[in-house]
Amino acid sequence: MNRSLSIRSKLFLMMAGVLVTTVAGSSLMLIRTQEAAARTDLAAVRVSLKAQLYERAGGLAVSTRSFVEQLMAEHQLDLIETELRALRQGQQGLRYTILQDDNQRAMVHPDKDQVATILSDDRAVWARSLLNLSSMEYEGERGRMVEVAVPVRELRLDEETGLDIREPVAALRLGFSMADLEVAIAEAEARHRGDVRRAWKIAGALSGGALLVGLILAFVFGTRLTTPIERLTGDAELIAEGNFDRVILVKDANADDEIGRLGAAFEKMRLSIQDLMLRTAERARMETELHTAHEVQTAMLPRSDPSTDRFDVAAFYLPATEMGGDWYAYIREG
Numbered sequence: 018m019n020r021s022l023s024i025r026s027k028l029f030l031m032m033a034g035v036l037v038t039t040v041a042g043s044s045l046m047l048i049r050t051q052e053a054a055a056r057t058d059l060a061a062v063r064v065s066l067k068a069q070l071y072e073r074a075g076g077l078a079v080s081t082r083s084f085v086e087q088l089m090a091e092h093q094l095d096l097i098e099t100e101l102r103a104l105r106q107g108q109q110g111l112r113y114t115i116l117q118d119d120n121q122r123a124m125v126h127p128d129k130d131q132v133a134t135i136l137s138d139d140r141a142v143w144a145r146s147l148l149n150l151s152s153m154e155y156e157g158e159r160g161r162m163v164e165v166a167v168p169v170r171e172l173r174l175d176e177e178t179g180l181d182i183r184e185p186v187a188a189l190r191l192g193f194s195m196a197d198l199e200v201a202i203a204e205a206e207a208r209h210r211g212d213v214r215r216a217w218k219i220a221g222a223l224s225g226g227a228l229l230v231g232l233i234l235a236f237v238f239g240t241r242l243t244t245p246i247e248r249l250t251g252d253a254e255l256i257a258e259g260n261f262d263r264v265i266l267v268k269d270a271n272a273d274d275e276i277g278r279l280g281a282a283f284e285k286m287r288l289s290i291q292d293l294m295l296r297t298a299e300r301a302r303m304e305t306e307l308h309t310a311h312e313v314q315t316a317m318l319p320r321s322d323p324s325t326d327r328f329d330v331a332a333f334y335l336p337a338t339e340m341g342g343d344w345y346a347y348i349r350e351g
């Protein structure tokens, strides 16, 4: 009985292990796929948000250059400073606006002490060399920044050709904080982490439900599979103990499956052994009776051969089988 229970336990554990591995592997693959999709979406969100910031900053720089060029032609530097200050106050994320001439001298600067001074930082050198709208990122004192710069041109007369040309005379620089962008990215990351956590919970719930149903099915089918084996094992043990009268019949097994065929083979073997034992017993009985008859017949034959002065008599008796139909005897006459 312990052996059959061990078989059932092993089979149940094997089926449960296969089921757990399958469910866990499927759930893990689902979550990994979800995480990969979330990372892809998050990367796309980062690129999109950054592109929106650059697009807004570039559009603002180009539109601002138009009225700066117009006011510079009218030599209204104070009005330019007023407009740029108002622009800083009205645009979210815009931290500074700088107008520098072609010698890198600050014409308009948020820091009053920097006005009319030569700006020697790397961004000032970079802005002076630009011919078109451009941008660069850098690490500022208060976080990540992006600066867009655009050349400011003035209409002048080319003395050699006599034509009017627009020649760069200054550079307009707008500095935007990337803090809002980082906040938006952080919010997107939080949303994606929430989506992944929800996916984990859903996958866990589905896996738990599937596991419970699978364990029930494993128990049911495992029991149906092992019960015929247990009965067959018990019948085989009875045969091993010498009980050949027990009919081997696997009721819970299909006659066409392996267990059914094994039960039929055991039953055929039981009948063959039973028939052999009957025939062996009958043959032993017959041999015993024949041996007894042989002893009786042998006892009826002369014990010794007679002897005279003129001749000797000798006899030999060997039946062809256990029993013979002939007898002999010595009779003295005269």
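Residue numbers (my numbering): 18 to 351. Just so you know, even glycine gets a beta-carbon here, dropped at the ideal spot from N, CA and C. Predicted model, so just to flag it, every value in this text is computed and none were measured.
Take residue i as the anchor and find which of the options has the nearest alpha-carbon.
i, options, result
"R190", "Q117, V64 and M46", "Q117"
"L148", "L293, T38, R170 and E154", "R170"
"T50", "Y334, W217, E72 and M286", "W217"
"R112", "M195, Q69 and L150", "M195"
"R56", "P127, D212 and A141", "D212"
"L335", "D322, S321 and T315", "T315"
"A310", "A257, G341 and E299", "G341"
"A74", "D58, R214, L30 and L104", "L104"
"P185", "V132, A144, A331 and A332", "A144"
"F333", "D326, R327 and D322", "D322"
Which residues does DSSP pair with residue i in a beta bridge?
i, result
"R327", "Note: R327 sits in no beta bridge, so no partner."
"F29", "For F29, which the question treats as bridged, DSSP gives no partner whatsoever."
"G157", "G160"
"E184", "E171"
"L191", "T114 and V165"
"I97", "Partner(s): none; I97 has no beta bridge."
"I135", "R122"
So is residue i buried or exposed if we call it buried at 16+ other beta carbons inside 10 Å?
i, result
"M317", "exposed"
"S193", "The amino acid occupying residue 193 in the given sequence is Phe; Ser does not appear at that position. The residue is buried, with at least 16 neighbouring Cβ atoms inside 10 Å."
"S44", "buried"
"G76", "exposed"
"V237", "exposed"
"S324", "exposed"
"T243", "buried"
"E86", "buried"
"D252", "buried"
"S146", "exposed"
"E164", "buried"
"H308", "exposed"
"G34", "exposed"
"R248", "buried"
"G239", "buried"
Taking just the CA atoms, how far does residue j sit from residue i?
i, j, result
"P168", "D119", "9 Å"
"E254", "A346", "59 Å"
"G157", "V62", "24 Å"
"D95", "E177", "34 Å"
"E350", "E312", "29 Å"
"W344", "T338", "14 Å"
"M32", "T39", "11 Å"
"M303", "L234", "59 Å"
"L232", "R241", "14 Å"
"A281", "A227", "38 Å"
"R20", "I276", "In this prediction, R20 scores a pLDDT of 45, lower than 50, which makes its location untrustworthy; the coordinate-derived value is nonetheless stated afterwards. C-alpha separation (whole angstroms): 17 Å."
"G107", "K129", "20 Å"
"R183", "R215", "59 Å"
How is the beta strand (DSSP E) around residue i delimited, first residue to last?
i, result
"A123", "A123 to V125"
"I115", "L111 to D118"
Which two residues bound the contiguous alpha helix (DSSP H) that contains residue i?
i, result
"P336", "Careful: P336 lies outside any alpha helix (DSSP H) and carries neither H nor E."
"H308", "E275 to A316"
"L150", "Here L150 belongs to no alpha helix (DSSP H), and DSSP marks it neither H nor E."
"R241", "A196 to A257"
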